[in-house]
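Presented below is the structure to which this report refers.
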Amino acid sequence: MDSVSQFALGAAVGLAALGRHTAPWKAALWGGWVGTLPDLDALLDYGDAVSNMTLHRAESHSIFWQSLASPFIAAAIAAVDRGVPRFAERFGRWWVAAWLVLVTHALLDAATVYGTQLALPFSNHPFGLASIFIIDPLYTLPLLVGLAATLLARSPGRLRWNRIGLALSTGYLGWAVLAQAHVSGVVREQLAERGTQPERVLVTPAPFNTVLWRVVAMYPDAYDEGFYSLLDRGRDIRFDRFPRNAGLYAEAAAVPAVARIAWFSKGFFRMDERDGRVTITDLRMGQEPFYVFSFEVARRASPLAAVKPTDVGGRDGMDVGRTFGWLGRRLLGEDLQPPR
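The numbering of the sequence shown is my numbering, which starts it at 2 and goes up by one.
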């Protein structure tokens, strides 16, 4: 999730764990700070653009390594925050709080599509439930409102506002999983009616909501993209087909960066070649024709010559106003073609 959501979640968890044992503002501030720590790995340079992408949310998001790090973080906080007289008591409480903040950060990230390596060092599988967009105001706002109400109130029962915010945000995550399951069922049913059997199907929310969902169906030589709103009331999904360039992938499969993106994207990728420059694109984050992660990985030679991967993705040329206008209207169930 985005940095604001992770800070808010860390602050809310810290406040819930320690709000009765230290000043609420201290519990929230320390919790937000700890909740930000795992994402500092984004500042590291692993040598190339593909490595930087695929090694984000790795060790710093592993529950094993977080569990090892939490007592050291707790000791540092306990040495500074002297709200409780005995160091051992402060340390014990902050140990629990720090562990909860770190683990909830990783689990929330794993609810997005990106890929979070929760099980390192035992497995590098990039977990990604894909049930919530990386920025979703309906998840974050209850946390922020609950925190603000708790910190501004003066009544003895003010901590309940933070608990309510946590309950609402967690309930929203549960709603997102149920909505995703419903849409996945609709997609499976419609694909079966059409007699198509894709290799794999991705169902993930469109930006900033859990009402409109993006569907990507992968086939050996192409992929289909479509959108389904919960307000479509069963209307058939309109898919557009795009080339996957499987032959180019066969040529480039031995390039390390290509193999790594193929693994990290769980097969949701395409290859392209233009002017002798070969690129690979992660199809999970973005929509046609704009994707966040696209990398030049090779040049045309005989055979293809690998190059240091560089990031060529982004949304240059996107008409933001038109795209957001389409998003709002499509979310409400209008049968509109996406802007290409």
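No residue lacks a Cβ here, since even glycine has one placed at the ideal position from N, Cα and C.
One or two residues paired with residue i in a DSSP bridge
i: Phe-73; result: DSSP, once it has assigned bridges, lists no residue as partnering Phe-73.
i: Glu-226; result: Val-217, Asp-241
i: Pro-206; result: Trp-214
i: Thr-280; result: Asp-273, Glu-297
i: Gly-315; result: Tyr-292
i: Ala-306; result: Arg-300
i: Arg-128; result: Note that residue 128 corresponds to Phe in the displayed sequence, not to Arg. Beta-bridge pairing links Phe-128 to Thr-117.
i: Arg-201; result: Met-219
i: Gly-287; result: Tyr-292
From the options, residue whose alpha carbon lies closest to that of residue i
i: Leu-167; options: Gly-329, Thr-141, Arg-155; result: Thr-141
i: Ala-207; options: Pro-257, Phe-123, Glu-274, Thr-324; result: Thr-324
i: Asp-276; options: Ile-262, Ala-258, Ala-302, Arg-155; result: Ala-302
i: Asn-53; options: Arg-278, Gly-329, Ile-262; result: Ile-262
i: Val-357; options: Arg-278, Arg-300, Thr-311, Asp-40; result: For residue 357 there is no data in the structure shown, the boundaries of the chain being 2 and 341.
i: Asp-82; options: Trp-26, Leu-145, Lys-309, His-126; result: Trp-26
i: Leu-130; options: Gln-288, Gly-147, Ala-182; result: Ala-182
i: Trp-214; options: Gly-248, Ala-154, Gly-329; result: Gly-329
i: Gly-315; options: Pro-340, Val-298, Leu-332, Glu-289; result: Glu-289
i: His-62; options: Tyr-47, Ala-76, Val-102; result: Val-102
i: Pro-122; options: Arg-58, Arg-341, Ser-266, Arg-234; result: Arg-58
i: Tyr-47; options: Leu-179, Lys-309, Gln-338; result: Lys-309
i: Arg-300; options: Ala-253, Ser-156, Thr-282; result: Ala-253
i: Ala-180; options: Leu-169, Arg-195, Ser-132, Pro-221; result: Ser-132
i: Gly-32; options: Pro-339, Gly-326, Phe-88, Asn-163; result: Asn-163
i: Leu-145; options: Ala-50, Val-5, Pro-339; result: Val-5
i: Ser-124; options: Phe-240, Val-35, Trp-327, Phe-65; result: Phe-65
i: Phe-265; options: Ala-89, Met-319, Met-286; result: Met-286
i: Phe-73; options: Thr-55, Val-35, Leu-109, Asp-49; result: Val-35
i: Arg-87; options: Gln-338, Gln-7, Thr-23; result: Thr-23
i: Ala-150; options: Ala-89, Val-216, Ala-13; result: Ala-13
i: Phe-291; options: Gly-248, Pro-339, Arg-331; result: Pro-339
i: Val-51; options: Ser-295, Ala-218, Tyr-220, Pro-138; result: Ser-295
i: Leu-38; options: Ala-75, Thr-55, Gly-20; result: Ala-75
i: Glu-274; options: Tyr-250, Asp-3, Lys-267, Met-319; result: Tyr-250
i: Gly-20; options: Ala-77, Pro-127, Leu-160, Met-2; result: Leu-160
i: Val-217; options: Arg-242, Asp-233, Ala-79; result: Arg-242
i: Arg-247; options: Phe-240, Pro-221, Ala-255, Asp-233; result: First, the amino acid is wrong: residue 247 is Ala here, not Arg. The shortest Cα separation from Ala-247 among Phe-240, Pro-221, Ala-255, Asp-233 belongs to Pro-221.
i: Thr-171; options: Phe-269, Gly-326, Asp-137; result: Asp-137
Cβ distance (whole Å) where residue i is taken to contact residue j below 8 angstroms
i: Gly-15; j: Ala-28; result: 5 angstroms
i: Ala-223; j: Pro-244; result: 6 angstroms
i: Glu-297; j: Arg-271; result: Rounded, the Cβ-Cβ distance is 14 angstroms, inconsistent with contact.
i: Arg-236; j: Asp-336; result: 7 angstroms
i: Gln-67; j: Ala-107; result: 7 angstroms
i: Ile-238; j: Val-259; result: That pair is no contact at about 30 angstroms.
i: Leu-332; j: Asn-210; result: 6 angstroms
i: Met-219; j: Leu-109; result: Going by Cβ atoms, the distance from Met-219 to Leu-109 rounds to 27 angstroms, so no, they are not a contact pair.
Check: residue i C-beta below 6 angstroms from any heavy atom of the ligand ATP
i: Gly-158; result: Because no ligand of any kind appears in the structure shown, any question about the ligand ATP cannot be addressed here.
_Below 8 angstroms, how does it come out for the stretch 91–99 and the stretch 107–125: are there three or more Cβ pairs, yes or no?_
no
*For the stretch 171–190 and the stretch 32–46, state whether three or more C-beta atom pairs, one from each stretch, are separated by less than 8 angstroms.*
no
*Report yes or no: do three or more beta-carbon pairs, one from the stretch 191–204 and one from the stretch 218–232, lie closer than 8 angstroms?*
Yes: at least three Cβ pairs fall under 8 angstroms.
*In chain order, which alpha helix (DSSP H) runs of at least 4 residues are fully inside the stretch 14–65?*
25–37, 50–55
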